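The next block holds one structure in the form of structure tokens; read it before the comments.
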Amino acid sequence: MDETRRTEDEGWIAEAIEEAALAPAHGDVPIAALVVHDGRVIGRAHNERERHGDPTAHAEIVALRAAAAALGSWRVLDSTIYITLEPCAMCAGAIVLARVPRVVFGAWDPKAGAAGSVLDILSEPQLNHSPEVVGGVLEAECAMLLTDFFAERR
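Just so you know, we're using the working numbering here: the sequence shown kicks off at 1 and counts up by one.
This is the structure:
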């Protein structure tokens with residue numbers, strides 16, 4: 001990857017880290033997602049499962065809903081989703097269904113990741129869409145959010 005793109009990806013992941021830091025205020029795990037289209041954020045969210053008692057209120061799902069509304073289409077084309085943690089199977093499926101062309105995430109999820117760790121839904125050749133995937137961007141910073149959150153809970 002070229003240096004300019006890497007720097008841009010790091011900037012968006014850093015912004016997602018700031019968003020993720022809002023989640024613990026309402027008891028949610030600090031994970032966030034930003035959907036960027038034409039250089040601006042059109043969908044921004046952090047986990048809200050505890051806040052809403054909704055098992056589907058993952059950051060990616062909430063951000064994709066906002067992005068689709070902003071674009072006026074369920075197809076979230078010409079966009080990149082930036083996520084602080086490797087997406088789970090549900091979120092990876094939603095990314096595929098929304099036709100998001102590029103996925104960038106921070107920390108790998110060895111327990112539930114579906115972009116290469118446990119499953120690889122985003123690269124499944126039998127599905128109708130396979131986005132470009134970049135993992136490990138600001139990985140240590142993203143992982144620290146989770147480590148600190150769970151350390152405080154124990």
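We treat Cβ as the ideally placed atom computed from N, Cα and C, and that holds for glycine. Keep in mind it's a predicted model, so treat the numbers as computed, not measured.
Quiz item: Within 10 angstroms of its Cβ, does Asn47 collect 16 or more other Cβ (buried), or is it exposed?
Solution: buried
Self-check item: Beta-carbon gap between Leu22 and Tyr82 smaller than 8 Å
Solution: no
Practice problem: Leaving aside the five residues before and after Val62 along the sequence, list all residues of the same chain whose C-beta is less than 7 Å from its C-beta, in chain order. | Solution: Ala45 and Glu48
Self-check item: Contacts around Cys142, its chain only, beta-carbon distance under 6 Å, and the 5 residues preceding and following it disregarded
Solution: Thr84, Gly106 and Ala107
Quiz item: Which same chain residues, not among the five before or five after Ala14, have their C-beta less than 7 Å away from its C-beta?
Solution: Leu138
Quiz item: Do you know whose CA, among Pro101, Leu119, Val100 and Val103, lies nearest Asp109's CA?
Solution: Leu119
Self-check item: Straight-line Cα distance separating Asp28 from Glu50
Solution: 6 Å
Quiz item: What is the DSSP secondary structure of His169, counted as helix, strand or coil?
Solution: In this structure the chain extends from 1 to 154, so residue 169 is not present and cannot be described.
Practice problem: Within the segment 18-57, note down every full alpha helix (DSSP H) run reaching 4 residues or more, in order along the chain. | Solution: 49-52
Quiz item: Can you tell me whether Ser73 is buried or exposed, with buried defined as 16 or more other CB within 10 angstroms of its CB?
Solution: exposed
Quiz item: In or out: Leu77 buried (at least 16 other Cβ within 10 Å) or exposed?
Solution: exposed
Practice problem: Pull up the distance between the alpha-carbon of Arg38 and that of Ala69, whole angstroms please. | Solution: In the sequence on display, residue 38 carries Asp and not Arg. Whole-angstrom Cα-Cα distance: 16 Å.
Quiz prompt | DSSP bridge partner residues for Ile83 (one or two, in chain order) | solution = Ala33 and Phe105
Quiz item: So, is Gly135 buried or exposed, given that buried needs 16 or more other C-beta atoms within 10 angstroms?
Solution: buried
Exercise. With DSSP collapsed to three states, give me the class of Val134.
Key: strand
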